[in-house]
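Written out below as structure tokens is the structure these notes cover.
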Amino acid sequence: MKIKLLLVEDHHIVRRGLVFFLKTREEFEIIGEAENGEEALCFVQKEKPNVVLMDVSMPKMDGIEATKRIKEYDETIKILMLSSFSEQDYVLPALEAGVDGYQLKEVQPEQLVASIIAVHQGNANFHPKVTPALLGRLAVKKEKENPFSMLTKREQEVLREIAKGRSNKEIAAELHITEQTVKTHVSNVLAKLEVDDRTQAALYAVKHGGN
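Position 208 of the sequence shown, counted from 1, bears residue number 207 in my numbering, the numbering being contiguous throughout.
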């Protein structure tokens with residue numbers, strides 16, 4: 000069974016070039032074309048493409064917003080972003096919107112074919128030049144998943160002592176710092192972990208393995 004494609008590209012010459020090439024491939028059936036995100040959204044509500052080949056920068060509704068809305072309408076539709084831009088300002092919003100792949104317009108024809116097939120099969124596919132943006136996103140995600148990474152080494156030590164049920168005076172003696180310094184660290188810990196008091200901080204530490 001052929002993969003049903005919707006091509007979304009505001010530049011007529013680029014779109015015609017894609018149509019001309021992809022029609023030569025027996026794997027694909029082009030069931031529609033759109034010049035902007037609004038047209039793409041209307042199309043998917045009437046027909047169901049397997050894969051949408053989506054440009055980023057377009058009038059009326061850009062590819063980011065269109066991706067978001069299409070995924071909200073039917074998350075099973077795969078979206079491969081085809082863009083001229085590899086910068087994080089374009090790649091990260093596309094990822095957040097839910098694209099299944101991100102290729103650059105400089106990609107070789109055979110690689111584009113492979114990318115379309117890959118996303119259709121449920122495999123994420125990204126151009127090598129997009130990798131730095133992906134790594135940056137993963138680093139941020141990892142930091143969010145590990146809340147203790149935002150605490151300084153000393154704040155982590157104070158949190159461990161809080162989890163043991165120790166008072167500020169006891170913590171000061173244990174860490175060889177003043178009681179006032181402990182109070183400052185405790186305030187910082189509560190603020191960074193977004194908890195209201197020491198008890199919540201202690202529970203948070205135990206729950207997330209910070210004790």
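Idealized CB from N, CA, C, for every residue including glycine.
What does the alpha-carbon distance come out to for the pair residue i and residue j?
i    : j    : result
P127 : V13  : 22 Å
N210 : D195 : Confidence at N210 is low in this model, with a pLDDT of 47, below 50, so its placement is unreliable and no value can be given for it.
E156 : E8   : 55 Å
M149 : L174 : 20 Å
L94  : E160 : 40 Å
E213 : T151 : There is simply no residue 213 to check, as the chain begins at 0 and stops at 210 in what is shown.
I78  : S186 : 45 Å
A33  : K67  : 16 Å
K168 : I63  : 54 Å
V55  : L192 : 37 Å
S163 : I176 : Note on identity: in this sequence residue 163 is Lys, with Ser being the wrong assignment. One C-alpha to the other measures close to 18 Å.
V18  : L6   : 8 Å
R153 : I170 : 11 Å
E105 : M57  : 18 Å
N122 : L158 : 41 Å
A204 : V181 : 17 Å
R214 : F147 : Nothing can be reported for residue 214: it is not among the residues displayed for the chain, which extend from 0 to 210.
Q44  : Q87  : 30 Å
M80  : E178 : 56 Å
G16  : K22  : 10 Å
Assign residue i to buried or exposed, taking buried as 16 or more other Cβ atoms, counted over all protein chains shown, within 10 Å of its Cβ.
i    : result
Q102 : buried
L202 : exposed
A190 : exposed
D73  : exposed
S114 : buried
H184 : buried
H10  : exposed
Using a threshold of 8 Å, state whether the C-beta atoms of residue i and residue j are closer than that.
i    : j    : result
P108 : F20  : yes
E46  : I29  : no
N124 : G97  : no
A200 : V188 : yes
I2   : F27  : yes
S85  : V129 : yes
I76  : L40  : no
Hey, out of the options, whose CA is closest to residue i's CA?
i    : options               : result
M60  : M53, E37, T180        : E37
M0   : K67, T198, P48        : P48
S82  : G164, K3, L111        : L111
R24  : H10, L4, A39, Q120    : L4
I116 : V50, E178, I76        : V50
Y89  : M53, T198, G121, V106 : M53
N35  : A65, Q120, V118, E178 : A65
What residue ranges within the region 28-87 form continuous alpha helix (DSSP H) runs of no fewer than 4 residues, ordered along the chain?
36-43, 62-72
Just to confirm the assignment: which complete beta strand (DSSP E) runs, minimum length 3, are found wholly within the region 147-194?
none
What ranges does the beta strand (DSSP E) occupy inside the region 83-129, keeping only unbroken runs of at least 3 residues that lie completely in it?
100-103
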